[in-house]
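Undergrad:
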Amino acid sequence: MPPTIIDFRQADDARDVVHRVVQAVAEGQLVGLPTESNYLLAASARDLAAVERACGCVQRVTGEPQLTVAVKSGDEAVDWVPDLPPLARRLARRCWPGPLAMLVADNHPEGLLRQLPAAVRPCLLDADRLRLRAPDHPLLADCLRLLAGPVVLAEPGDAAAPPATVAELLESLAGGELPPLVIDAGQPPQAGPVTTVAIDADGFEVVRAGLLDADRLDQLSRLVVLFVCTGNTCRSPMAAAIFRSLLADRLGCQPEEIEGHGIQVTSAGLAAWGGSPASDQAVEVLAAQGIDLSRHSSQPLTERLVRQADLIWTMTGAHRAAILGQFPELADRVWTLSPGRRDVLDPIGGSLETYRRCAEQIREHLESRIATLGIPAEKR
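Each position in the sequence shown, counted from 1, maps to that position plus 503 in my numbering.
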């Protein structure tokens, strides 16, 4: 029996389409759905019969599970892998939703996989690794929000050239079971293969090339440390520059080379004007320490900077409170620079000696903080 095909672009009410998909998946059916890069099949992870039918629609890719776990975000990925490596969390924050799948170890007794039927679990594992993906499509996102249980994805066809249309999806299933419902949303905006990376504590490896190349993933996987003050001309740029110097000493490289070690350092101000240089006194004080601040250009704190940062160190408690007032969900990433929560001295309008004391205070705090980041020191 041919599937019912609904053109999502022509739907009078998108909510009706979402509800039909949700009902079909909840009833144990396979549903063909669009993503940002390909068409695939979705099924309820709690329905063994649906999972088995989904497995029958795909060819096994060496080193990968037959089916992929659909997640909405990195936060939900942690429910599946509570010990999700920091690098995986960074890639999830910056790449999801989008054309990236991650192979991560299922090594925690409290992971969601343990709550699925025992017969389902082998379909989601290969060498004790899960494949997680957060597809970027509004229809699928709405469906995942409404479905009560976890969803698995089957990706039929050629892994290097996945189906980019409903016709290609159905052609890839020729001779097998067709889904009773398929949603057509036209050509995906980024048609192409999903990049699959294997992640462990030591880093990542691209095991299946796709829309995100290794160089781009290397940039996105960097640890981003953001320093925040008010005007971004004194304290936060001084802190960023001193931190780069301390990191360079620890890593055995030059300050301008630390990004090659997977760390990006920047600064911003809550009330900063873009393009202002660092204050003359700040430049002079750091120059005496062999640190060049002359090329600094201020920037205002933006939502993008805040959300991209893995760690935000503020100069005062008021700065931290201001950020959390707008982004309360980031409480685990925003901290005052002082471990004792003391405000860093504001040197603006003060003497050169005031700037020296401010720089000394910043260095003292950073020397206490840097050891907590888990960055191994270069053997000498």
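Ideal placement from N, C-alpha and C gives every residue a C-beta, glycine not left out.
Reducing DSSP to helix, strand and coil, say where Cys-732 ends up.
TA: DSSP places Cys-732 in strand when its eight states are reduced to three.
Undergrad: Under 8 Å: do the segment 627-634 and the segment 658-671 share three or more Cβ pairs, one atom per stretch?
TA: No: the two stretches stay apart, fewer than three of their Cβ pairs being nearer than 8 Å.
Undergrad: Does DSSP classify Leu-672 as helix, strand or coil?
TA: In this structure, Leu-672 counts as helix in the three-state DSSP scheme.
Undergrad: With distances taken from CA atoms, which of Pro-589, Pro-585, Leu-619 is nearest Asn-610?
TA: Taking only the C-alpha atoms, the option nearest Asn-610 is Pro-585.
Undergrad: So is Ile-851 in contact with chain C if we call contact Cβ pairs under 8 Å?
TA: Included in the structure is just one protein chain, with no chain C present.
Undergrad: Buried or exposed for Asp-639, please, with buried defined as at least 16 other CB atoms from any protein chain shown within 10 angstroms of its CB.
TA: So Asp-639 counts as buried.
Undergrad: Using alpha carbons as the reference points, say which of Arg-823, Glu-806, Cys-598, Gly-793 lies closest to Leu-921.
TA: The structure shown does not extend to residue 921, since the chain is modelled only from 504 to 883, so the question has no answer here.
Undergrad: What are the uninterrupted segments assigned as beta strand (DSSP E) that are 3 or more residues long and contained completely in the segment 815-876, given in chain order?
TA: The segment 815-876 contains these whole beta strand (DSSP E) runs: 837-839.
Undergrad: Can you check whether the CB of Phe-511 is closer than 8 Å to the CB of Val-520?
TA: It is a contact, given that the beta carbons lie within the stated cut-off.
Undergrad: According to DSSP, which residues form a beta bridge with Ile-509?
TA: Paired residues: Ile-686.
Undergrad: Could you give the DSSP three-state label for Lys-882: helix, strand or coil?
TA: Confidence in Lys-882 is poor, its pLDDT being 49 and thus under 50, which makes the residue's placement too unreliable to answer from.
Undergrad: Taking buried to mean at least 16 other C-beta atoms within 10 Å of its own C-beta, is Ala-548 buried or exposed?
TA: Buried, because 16 or more other Cβ atoms sit within 10 Å of the Cβ of Ala-548.
Undergrad: My output table needs one value for Ala-785: the three-state DSSP class, helix, strand or coil.
TA: DSSP places Ala-785 in helix when its eight states are reduced to three.
Undergrad: Is it true that the CB of Leu-551 sits closer than 8 Å to the CB of Val-700?
TA: Not a contact, by the Cβ cut-off of 8 Å.
Undergrad: Can you tell me whether Glu-658 is buried or exposed, with buried defined as 16 or more other CB within 10 angstroms of its CB?
TA: Counting Cβ neighbours within 10 Å, Glu-658 comes out buried, since at least 16 surround it.
Undergrad: So what does DSSP say about Gly-577, is it helix, strand or coil?
TA: Reduced to three states, the DSSP call for Gly-577 is helix.
Undergrad: Thinking Leu-672 and Val-685 are a contact (beta carbons under 8 Å), I'd like their distance in whole angstroms, please.
TA: The pair is a contact, with the Cβ atoms about 7 Å apart (cut-off 8 Å).
Undergrad: Should Ile-766 and Val-728 be called a contact, given that it needs their Cβ atoms to be closer than 8 Å?
TA: Going by C-beta atoms, Ile-766 is nearer than 8 Å to Val-728.
Undergrad: Apply the 10 Å Cβ neighbour rule to Leu-855 and answer buried if 16 or more other Cβ atoms are within range, or exposed otherwise.
TA: Leu-855 is exposed by the Cβ-count criterion.
Undergrad: What is the rounded straight-line gap between the Cα of Asp-515 and the Cα of Ile-509?
TA: Each residue's alpha carbon lies about 11 Å from the other.
Undergrad: Go ahead and pull the three-state DSSP assignment for Ser-779.
TA: Coil.
Undergrad: Rounded to a whole number of angstroms, what is the C-alpha to C-alpha distance between Asp-661 and Gln-562?
TA: So the alpha carbons of these two residues sit roughly 8 Å apart.
Undergrad: With three or more C-beta pairs closer than 8 Å as the rule, is the segment 782-790 touching the segment 735-743?
TA: Yes, since at least three Cβ pairs between the segment 735-743 and the segment 782-790 fall closer than 8 Å, the two stretches touch.
Undergrad: Would you identify the three-state DSSP class for Ser-748, choosing helix, strand or coil?
TA: Helix at Ser-748.
Undergrad: Would you report the Cα separation of Leu-726 and Ala-704, rounded to the nearest angstrom?
TA: About 14 Å.
Undergrad: Quick check on DSSP: helix, strand or coil for Gln-767?
TA: Three-state DSSP puts Gln-767 in a strand.
Undergrad: Got a sec, what are the start and stop residues for the alpha helix (DSSP H) Glu-806 sits in?
TA: Counting along the chain, the alpha helix (DSSP H) containing Glu-806 begins and ends at 806-811.
Undergrad: Are there any heavy atoms of the ligand NAD lying less than 7 Å away from the beta-carbon of Val-564, as far as the coordinates show?
TA: Inclusion of the ligand NAD in the displayed structure is not the case, the ligand content being empty and no account of it being possible.
Undergrad: Can you list, in chain order, the stretches of the alpha helix (DSSP H) that have 4 or more residues and sit fully within the segment 532-620?
TA: You should have 551-558, 577-583, 589-598.
Undergrad: Pairs of beta-carbons, one from the segment 753-761 and one from the segment 772-781, closer than 8 Å: are there three or more?
TA: No: fewer than three Cβ pairs fall under 8 Å.
Undergrad: Could you please give the first and the last residue of the uninterrupted beta strand (DSSP E) stretch that includes Asp-703?
TA: Where Asp-703 is concerned, the enclosing beta strand (DSSP E) stretches over 698-703.
Undergrad: Give me whichever residues DSSP pairs with Tyr-655 in a beta bridge.
TA: It is worth fixing the name first, because residue 655 is Val in this sequence and not Tyr. Answer is Ala-546, Val-572, bridged to Val-655.
Undergrad: Measure the Cβ-Cβ separation of Gln-532 and Ala-553 and say whether it is below 8 Å.
TA: Yes, the Cβ-Cβ distance between Gln-532 and Ala-553 is below 8 Å.
Undergrad: Under three-state DSSP, which class holds Glu-708?
TA: If DSSP states are grouped into helix, strand and coil, Glu-708 belongs with the strands.
Undergrad: Beta strand (DSSP E) containing Leu-633: first to last residue?
TA: 632-636 is the extent of the beta strand (DSSP E) around Leu-633.
Undergrad: Using the Cβ count rule (16 or more neighbours within 10 Å means buried), how would you classify Ser-797?
TA: The residue in question, Ser-797, is exposed, as its Cβ has fewer than 16 Cβ neighbours within 10 Å.
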